[in-house]
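J.: Just dropping this structure here.
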Amino acid sequence: MRFKKATGRKVVSLATAETVGKVSRFVIDVPQRRIAALVLRKTDKHGEILTWSDVTGFGDDAVTVADVGVLSEADGPMKELSDKDYQLMGKRVLSTRGDDLGEVKDVDFDPSTGLLETIHYPDGSARGDALVGIGTYAAVIDVD
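When we follow this note's numbering, the leftmost residue of the sequence shown carries the number 90, and every step to the right adds one.
So this is what it looks like as C-alpha cells:
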C-alpha cells in the first residue's frame, strides 16, 4: 500500500463501529524502517496519535482499532517525531554520497506489518531498508 492512498483513510473503532479519525501523517521508526504511529485528524479530542501496535487492521477501506481509548496525545519523543518537519512525504532525498535525488513522492509499506518497502523519488526508488535518517532538512538513503 502507498502513503498517498492511505492518507485520509478513516479509522474505525471495532467496539462502536464509529469513525474515530482519519489518517493524516505517518510517524517513522527509522532504525526499524517501519511505521511507528499514525497521526490522525478529526479525532474529537481523543488524541491524535495511534501507535502501529494498536492498529488491528489496515484495509483498502479503513483502518481498524479496538476502541477509541487507544488514541493518545503526542508527548516525549513521539511529539518530535510526529511533527511535520520529520515527515517522509515531500521531504528532500539525499544519498549517503551527498547527491540530491529530489523529493519523496510516495512510499510503499506492508499494511500488515508497517514495514517500509519502497521509497519513491522523481528519478527512481530505493528499498525501504535503505533509509538512514529523517531530519528537518532531508531524508537520507543509502543507494550503494
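All residues carry an ideal CB built from backbone N, CA and C; glycine is no exception.
Here the structure is a predicted model, which is why all the values come from computation and not from measurement.
Under 8 Å by Cβ, that's how I've got ILE223 and LEU177 pegged, so tell me the actual separation to the nearest angstrom.
T.: Residue 223 sits at position 134 when you count from the first residue of the sequence shown. Residue 177 sits at position 88 when you count from the first residue of the sequence shown. With 8 Å as the limit, ILE223 and LEU177 qualify as a contact, their Cβ atoms being about 6 Å apart.
J.: To which residues of the same chain is TYR226 closer than 7 Å at the C-beta, ignoring the five residues directly before and after it?
T.: Reading the sequence shown from its first residue, position 137 is the one you call residue 226. So the list reads ARG181, once near-sequence residues are dropped.
J.: For ASP118, which residues from the same chain have a beta carbon less than 7 Å from its beta carbon, with the 5 sequence-adjacent residues on both sides left out?
T.: For the purposes of this step, residue 118 is taken as the residue at position 29 of the sequence shown. Counting only Cβ-Cβ distances below 7 Å, and skipping sequence neighbours, we find ALA125.
J.: Taking ASP188 as the reference, give the member of LYS194, ASP212, LYS134, VAL100 with the closest Cα.
T.: On the sequence shown, residue 188 is found 99 positions in, with the first residue counted as 1. Among LYS194, ASP212, LYS134, VAL100, the Cα nearest to that of ASP188 belongs to ASP212.
J.: For LYS194 and chain B, any beta-carbon pair shorter than 8 Å?
T.: Looking for chain B here will not work: only one protein chain is present.
J.: Please state the DSSP three-state secondary structure of LEU204.
T.: Here the question's residue 204 lines up with position 115 in the sequence shown. If DSSP states are grouped into helix, strand and coil, LEU204 belongs with the strands.
J.: In whole angstroms, what is the alpha-carbon distance linking MET90 and LYS111?
T.: Numbered from 1 along the sequence shown, position 1 holds the residue referred to as residue 90. Numbered from 1 along the sequence shown, position 22 holds the residue referred to as residue 111. Each residue's Cα considered, the two are about 16 Å apart.
J.: If we call anything under 8 Å between Cβ atoms a contact, is VAL157 one with VAL109?
T.: As a first step, residue 157 is located in the sequence shown; it is residue number 68 there, counting from the start. As a first step, residue 109 is located in the sequence shown; it is residue number 20 there, counting from the start. Yes, these two residues count as a Cβ contact at 8 Å.
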